[in-house]
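Inspection log for the structure reproduced underneath, given as structure tokens.
Numbering (full-length UniProt numbering), first residue to last: 1 to 405.
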């Protein structure tokens with residue numbers, strides 16, 4: 001396919017890369033990118049890092065307005081698609097315009113999950129998904145005071161680090177018994193708890209928030225599941241993401257915790273593709289796999305754009321994630337399992353890797369803390385499903401290349 005019209009709905013990481021890839025792969029037709037934010041597409045990882053500094057750097061745009069003109073990509077900002085007419089191969093925008101398509105790529109991302117507790121809509125409550133959210137949160141934490149983080153995942157931890165740097169008194173509550181329990185090994189969870197406590201964060205595990213009540217001045221009074229209470233000036237909720245699949249569901253597309261796609265990023269409609277946080281990959285005899293990461297949003301969008309143009313694609317992602325907190329660098333490759341005991345290779349208290357290995361000896365996932373060079377090797381071993389010798393892998397004095405079985 002070289003001509004026609006491709007509409008990309010969602011102008012985040014995935015949407016921008018889908019639109020750019022269509023053009024770079026030789027598509028000569030019309031490309032329309034529809035996004036609900038006023039800003040051009042931008043990198044989202046800095047929102048919980050550099051963008052929370054007192055004087056943040058400029059946003060990192062994925063495609064500048066000048067590039068949109070050069071690439072001849074139509075950007076509809078501050079807009080959204082509210083209806084897909086599959087029979088007519090067209091979408092309706094919020095303004096009432098109907099746009100016909102030959103192929104449609106859905107990159108609608110997700111929204112912050114909010115617990116169903118009294119007071120969750122209080123003015124002092126913040127979530128973090130957009131550049132506007134980041135600006136509002138930056139202003140709040142740099143006023144100082146008491147910050148309550150609800151959720152011990154990556155967003156919560158990175159915001160906690162930023163709030164500490166801003167001079168706030170930070171309390172973080174996590175309902176489960178360890179931090180990052182869905183995506184990190186037990187060893188990583190323990191390290192993160194030590195790291196944050198050493199930097200002054202009051203980390204409370206096995207504790208949730210049951211209500212947010214009116215507090216002093218503009219803050220609120222948090223009631224915890226253990227019966228204790230806390231006055232907070234700022235509350236940041238980071239308890240996960242809800243995929244924005246309502247548009248797809250209303251159109252009759254198959255969904256299960258996201259928009260279901262195959263290895264070609266194709267939905268249950270042959271003309272419609274999906275990528276990024278909203279896309280859930282079908283897997284034989286396993287639950288669909290939906291990944292929430294910068295890397296997958298980019299890679300899957302590239303795959304979806306190529307597939308929409310008729311190229312043969314077999315998208316098999318290797319989950320990858322990174323985070324930086326208080327100068328410590330964490331990398332993860334593969335899918336970690338909370339019920340699997342990892343093989344730990346320790347250099348010292350602040351440098352180690354934790355590797356999960358299948359019964360046949362193949363590496364399934366790897367977590368690295370402050371060992372970026374070793375992680376580059378481990379990521380390759382995870383991607384290739386390499387078998388390793390556990391004893392040599394555990395010994396930090398043995399080079400990783402010699403741990404291969």
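Glycine included, every Cβ here is placed at the ideal spot set by N, Cα and C. Just so it is clear, the structure is predicted and the values come from calculations on it, not from any experiment.
Exercise. If you follow the beta strand (DSSP E) that residue 374 is part of, which residue opens it and which one closes it?
Worked result: Looking up residue 374 in the chain shown gives position 374. Following the DSSP letters along the chain, one finds residue 374 in no beta strand (DSSP E) but inside the alpha helix (DSSP H) bounded by residues 372 to 384.
Exercise. Any heavy atom of the ligand HEM within a distance shorter than 8 Å of the CB on residue 264?
Worked result: By its list of ligands, the structure shown contains no ligand whatsoever, and the ligand HEM lies outside what it can speak to.
Exercise. Considering only the beta carbon of each residue, do residue 173 and residue 236 sit closer than 9 Å?
Worked result: Locating residue 173 in the chain shown gives position 173, where the first residue counts as 1. Locating residue 236 in the chain shown gives position 236, where the first residue counts as 1. Their beta carbons are not under 9 Å apart, which means residue 173 does not touch residue 236 by this criterion.
Exercise. Quick one: what does DSSP say residue 164 is sitting in, helix, strand or coil?
Worked result: Counting from 1 along the chain shown, the entry for residue 164 is found at position 164. If DSSP states are grouped into helix, strand and coil, residue 164 belongs with the helices.
For this session: Taking only the alpha-carbon atoms, compute the straight-line gap between residue 113 and residue 206 and give it to the nearest angstrom.
Result: For the purposes of this step, residue 113 is taken as the residue at position 113 of the chain shown. For the purposes of this step, residue 206 is taken as the residue at position 206 of the chain shown. A straight-line Cα-Cα distance of about 19 Å links residue 113 and residue 206.
Exercise. Under a three-way DSSP split, which group does residue 18 fall into?
Worked result: Counting from one through the chain shown, the residue named residue 18 turns up at place 18. Residue 18: helix per DSSP, three-state reduction.
Exercise. Does the distance from the CB of residue 30 to the CB of residue 4 come in under 9 Å?
Worked result: Translated into the one-based positions of the chain shown, residue 30 becomes position 30. Translated into the one-based positions of the chain shown, residue 4 becomes position 4. The answer is yes: Cβ separation under 9 Å.
For this session: Below 6 Å CB to CB, which residues in the same chain sit around residue 98 once its five sequence neighbours on both sides are set aside?
Result: Counting from 1 along the chain shown, the entry for residue 98 is found at position 98. Contacts found: 90 and 92.
Exercise. Between the beta-carbon of residue 34 and the beta-carbon of residue 7, is there less than 9 Å?
Worked result: Here residue 34 refers to the residue found at position 34 of the chain shown. Here residue 7 refers to the residue found at position 7 of the chain shown. Result yes, Cβ atoms of residue 34 and residue 7 sit closer than 9 Å.
For this session: Run through the region 60 to 87 for me and flag every whole beta strand (DSSP E) of 3 or more residues, listed as ranges in chain order.
Result: Entirely contained in the region 60 to 87, the beta strand (DSSP E) runs reaching 3 residues are, in chain order, 73 to 76 and 81 to 85.
For this session: Assuming residue 333 and residue 279 form a contact by the criterion Cβ under 8 Å, report the distance between their Cβ atoms to the nearest whole angstrom.
Result: As a first step, residue 333 is located in the chain shown; it is residue number 333 there, counting from the start. As a first step, residue 279 is located in the chain shown; it is residue number 279 there, counting from the start. In fact, because the Cβ distance is near 20 Å, the residues do not count as touching under 8 Å.
Exercise. Should the region 341 to 354 be called in touch with the region 367 to 380, which here means at least 3 C-beta pairs below 8 Å?
Worked result: By the criterion of at least three beta-carbon pairs nearer than 8 Å, the region 341 to 354 is in contact with the region 367 to 380.
Problem set entry | Contact under 9 Å by Cβ, residue 294 with residue 60 | Position 294 of the chain shown, counted from the start, is the residue given in the question as residue 294. Position 60 of the chain shown, counted from the start, is the residue given in the question as residue 60. Against a cut-off of 9 Å, the Cβ pair of residue 60 and residue 294 comes out as no contact.
For this session: Please confirm if the region 130 to 140 is in contact with the region 216 to 231, defined as three or more CB-CB distances below 8 Å between the two stretches.
Result: Counting Cβ pairs under 8 Å, fewer than three are found: no touch.
For this session: Give a yes or no on whether the C-beta atoms belonging to residue 301 and residue 275 are separated by under 9 Å.
Result: Here residue 301 refers to the residue found at position 301 of the chain shown. Here residue 275 refers to the residue found at position 275 of the chain shown. In this structure, residue 301 places its C-beta atom within 9 Å of the C-beta atom of residue 275.
Exercise. Beta-carbon separation of residue 262 and residue 246 under 9 Å?
Worked result: Residue 262 sits at position 262 when you count from the first residue of the chain shown. Residue 246 sits at position 246 when you count from the first residue of the chain shown. Cβ atoms of residue 262 and residue 246: not closer than 9 Å.
Problem set entry | Rounded separation between residue 232 and residue 144 - CA only | Translated into the one-based positions of the chain shown, residue 232 becomes position 232. Translated into the one-based positions of the chain shown, residue 144 becomes position 144. In this structure, the alpha-carbon of residue 232 lies about 11 Å from that of residue 144.
Exercise. Shortest alpha-carbon distance to residue 170 belongs to which of 198, 182 and 249?
Worked result: For the purposes of this step, residue 170 is identified with residue 170 of the chain shown, where counting begins at 1. Closest by alpha carbon: 198.
Problem set entry | Alpha-carbon spacing of residue 267 relative to residue 304, whole angstroms | Start at 1 with the first residue of the chain shown, and residue 267 comes out as number 267. Start at 1 with the first residue of the chain shown, and residue 304 comes out as number 304. One C-alpha to the other measures close to 10 Å.
For this session: Apply the 10 Å Cβ neighbour rule to residue 311 and answer buried if 16 or more other Cβ atoms are within range, or exposed otherwise.
Result: Counting from 1 along the chain shown, the entry for residue 311 is found at position 311. So residue 311 counts as exposed.
Exercise. Grouping DSSP H, G and I as helix and E and B as strand, with all else coil, what is residue 33?
Worked result: For the purposes of this step, residue 33 is taken as residue 33 along the chain shown, with counting starting at 1. Secondary structure at residue 33: strand, using DSSP grouped into helix, strand and coil.
Problem set entry | Opening and closing residue of the beta strand (DSSP E) in which residue 132 lies | Position 132 of the chain shown holds residue 132. Per DSSP, residue 132 belongs to no beta strand (DSSP E); it is in the alpha helix (DSSP H), 131 to 141.
For this session: For residue 23, name the three-state secondary structure that DSSP assigns.
Result: Numbered from 1 along the chain shown, position 23 holds the residue referred to as residue 23. Residue 23 falls in the helix class under three-state DSSP.
Exercise. Thinking C-beta only, is residue 128 closer than 9 Å to residue 47?
Worked result: For the purposes of this step, residue 47 is identified with residue 47 of the chain shown, where counting begins at 1. For the purposes of this step, residue 128 is identified with residue 128 of the chain shown, where counting begins at 1. Result yes, Cβ atoms of residue 47 and residue 128 sit closer than 9 Å.
Problem set entry | Collapsed DSSP secondary structure at residue 189 in the structure displayed | The residue you call residue 189 lines up with position 189 of the chain shown. Note: residue 189 maps to helix in three-state DSSP.
For this session: Tell whether a beta-carbon distance below 9 Å holds between residue 309 and residue 32.
Result: The residue labelled residue 309 in the question sits at position 309 within the chain shown. The residue labelled residue 32 in the question sits at position 32 within the chain shown. No. Outside cutoff.
Exercise. Are the C-beta of residue 171 and some C-beta of chain B separated by less than 9 Å?
Worked result: Considering every chain present, this structure includes no chain B. It has just one protein chain.
Exercise. Based on the DSSP output, what are the partners of residue 110 in its beta bridges?
Worked result: As a working mapping, residue 110 is identified with position 110 in the chain shown. Note: residue 110 sits in a beta bridge opposite 243.
Problem set entry | Collapsed DSSP secondary structure at residue 201 in the structure displayed | As a first step, residue 201 must be located in the chain shown, where it is residue number 201. In this structure, DSSP gives residue 201 a state outside helix and strand, which the three-state scheme calls coil.
Exercise. What is the rounded straight-line gap between the Cα of residue 257 and the Cα of residue 330?
Worked result: The count along the chain shown starts at 1 and reaches residue 257 at position 257. The count along the chain shown starts at 1 and reaches residue 330 at position 330. In a straight line, the C-alpha of residue 257 is about 27 Å away from that of residue 330.
For this session: List the DSSP bridge partners of residue 324.
Result: Indexing the chain shown from 1 puts residue 324 at position 324. When DSSP reads this structure, residue 324 sits in a beta bridge with 329.
Exercise. How about residue 211 and residue 119: are their beta carbons less than 9 Å apart?
Worked result: One-based indexing of the chain shown puts residue 211 at position 211. One-based indexing of the chain shown puts residue 119 at position 119. The answer is yes: Cβ separation under 9 Å.
Exercise. Does DSSP classify residue 304 as helix, strand or coil?
Worked result: For the purposes of this step, residue 304 is taken as the residue at position 304 of the chain shown. DSSP places residue 304 in helix when its eight states are reduced to three.
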